[in-house]
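Data first, discussion second: the structure below is written as structure tokens.
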Amino acid sequence: MKYVWPTARCIVCGSRDNITTEHIIPDCVTGKLVADFLCKDCNSGFGHGAERIIKNDPKIRLSIESLVVEQPSLANKLQKRLLYQGHGKSRKFLGRMHNGKFVPNEKILEGEALICPEGRSLYHLKNLAKRKGRGTIPVTLDQLRCLPSDEPIEITSGLTVTKWYLHSIEPDLSGAEIDPIVPAKIAFEFLALHCKNGIYENPQQLASIRRQLVEGKLTGNDIHVQRLEAQNDRLFHGLVFEGNCPGARVQIRLFGSLAFRVEFSRFSVSSTRLCYTHDLLSGKEGMRVAL
67 MKYVWPTARC
77 IVCGSRDNIT
87 TEHIIPDCVT
97 GKLVADFLCK
107 DCNSGFGHGA
117 ERIIKNDPKI
127 RLSIESLVVE
137 QPSLANKLQK
147 RLLYQGHGKS
157 RKFLGRMHNG
167 KFVPNEKILE
177 GEALICPEGR
187 SLYHLKNLAK
197 RKGRGTIPVT
207 LDQLRCLPSD
217 EPIEITSGLT
227 VTKWYLHSIE
237 PDLSGAEIDP
247 IVPAKIAFEF
257 LALHCKNGIY
267 ENPQQLASIR
277 RQLVEGKLTG
287 NDIHVQRLEA
297 QNDRLFHGLV
307 FEGNCPGARV
317 QIRLFGSLAF
327 RVEFSRFSVS
337 STRLCYTHDL
347 LSGKEGMRVA
357 L
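Residue 143 in my numbering sits at position 77 of the sequence shown; the count goes up by one each step and never skips.
This is the structure:
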């Protein structure tokens, strides 16, 4: 959904140059609500900063996995570049998912041993044999794939291969929780939809908020972010302006089960309260007046 913004001017730094389309809920978690109200520099700063790693949040990781059955194509898109743990008989492997399959990260161990994906095993064996002066490798990739699991097999003098069988694959849940600057940025942009051109008025009132957004770090006492978690079987993203309490307060829902309540203590908004929802299973989204 594209919100038609009335003025070609950045709502964060005030620049009128190089205005770009901004995803209010980040694109990396399939956010669809957009508006043309950030300059290129501010947009790039958000995209390459804290937003870039929000999928590493353990709660987000588990939510992405819950999409695998009902929305496999969406899950596959979200899984890209995320770390997974593959558990073998006596070893743990870190890797990533590609087209629904686990691909271990290549890793050099002691004594020139190497962990690599099955599809690249012959390539590495040939290079290793060449360095050691062993000549050609007397096996094909198909033959390597047919080796028994978890057994070291010597395929030529001095070169041994073990085909590891993975008993389980799990998302890596060691990532950091979402930086509070991300929900603060989402909430500010959603409030801008309520204010329209009013967001450019009273610049002193918003100076501290804008400075923190530009710097990418909450350092003042005028933005309060509360993280909330819930058991929810409805997969959706949502935004709602909860009113002034006494400052403007926004609730953000990501994947239904992770929520943030953001309050701007020195910023109030006089506007009809809006509620936005994006159903991740159907893809449908809508904006309505909040009850």
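Glycine is no exception: its CB is placed at the ideal position from the N, C-alpha and C atoms. In this text, all values refer to a predicted model and were calculated from it rather than measured experimentally.
Asked: Ordered along the chain, which non-local residues of its own chain (more than five positions away) have a Cβ less than 6 Å from that of Leu122?; Found: The amino acid at residue 122 is misidentified as Leu; the sequence shows Asn. So the list reads Gly241, once near-sequence residues are dropped.
Asked: Which partner residues does Ser215 have in the DSSP bridge list?; Found: Lys229
Asked: Quick one: using the 10 Å Cβ neighbour count with 16 as the cut-off for buried, is Ser110 buried or exposed?; Found: exposed
Asked: Excluding the five sequence neighbours on either side, which residues of its own chain have a C-beta within less than 6 Å of the C-beta of Ser215, listed in chain order?; Found: Lys229, Tyr231
Asked: Label Arg82 either buried or exposed according to how many other C-beta atoms from any shown protein chain fall within 10 Å of its C-beta, with 16 as the threshold for buried.; Found: exposed
Asked: Under DSSP, the beta strand (DSSP E) around Asn84 begins and ends at which residues?; Found: Element bounds for Asn84: n/a, residue is neither H nor E.
Asked: Within 10 Å of its beta-carbon, does Met67 have 16 or more other beta-carbons around it, so buried, or fewer, so exposed?; Found: exposed
Asked: Count the other C-beta atoms from every protein chain shown that fall within 10 angstroms of the C-beta of Ala296, then say buried if there are 16 or more, exposed otherwise.; Found: exposed
Asked: Measure the C-alpha to C-alpha separation of Ser337 and Cys261 and round it to an integer number of angstroms.; Found: 7 Å
Asked: How many Å lie between Glu255 and Phe330 at the Cα?; Found: 12 Å
Asked: Where do the ends of the alpha helix (DSSP H) carrying Phe256 lie?; Found: 247-261
Asked: I need the straight-line Cα distance from Glu243 to Pro124, nearest angstrom please.; Found: 7 Å
Asked: Considering only the beta carbon of each residue, do Pro249 and Val328 sit closer than 8 Å?; Found: yes
Asked: Run through DSSP, which three-state label would Lys192 get?; Found: helix
Asked: In three-state terms, what does DSSP make of Gln145?; Found: helix
Asked: What's the C-alpha gap between Lys155 and Ser234?; Found: 10 Å
Asked: Using the Cα positions of Leu128 and Gly309, report the straight-line distance between them to the nearest angstrom.; Found: 31 Å
Asked: Name the two residues that bound the continuous beta strand (DSSP E) containing Ala101.; Found: 100-105
Asked: Report the option in Asn298, Phe326, Pro237 whose CA atom is closest to the CA atom of Val306.; Found: Phe326
Asked: Would Ser187 be called buried (16 or more neighbouring beta carbons within 10 Å of its own) or exposed?; Found: buried
Asked: Assuming Leu144 and Leu160 form a contact by the criterion Cβ under 8 Å, report the distance between their Cβ atoms to the nearest whole angstrom.; Found: Between Leu160 and Leu144 the Cβ distance is about 18 Å, and since that is not below 8 Å, they are no contact.
Asked: Does DSSP put Ser234 in a helix, in a strand, or in coil?; Found: strand
Asked: Taking DSSP's pairing of strands, which residues face Arg327 in a bridge?; Found: Gln292, Gln317
Asked: Quick check on Ser223: buried or exposed, where buried means 16 or more other Cβ atoms within 10 Å of its Cβ?; Found: exposed
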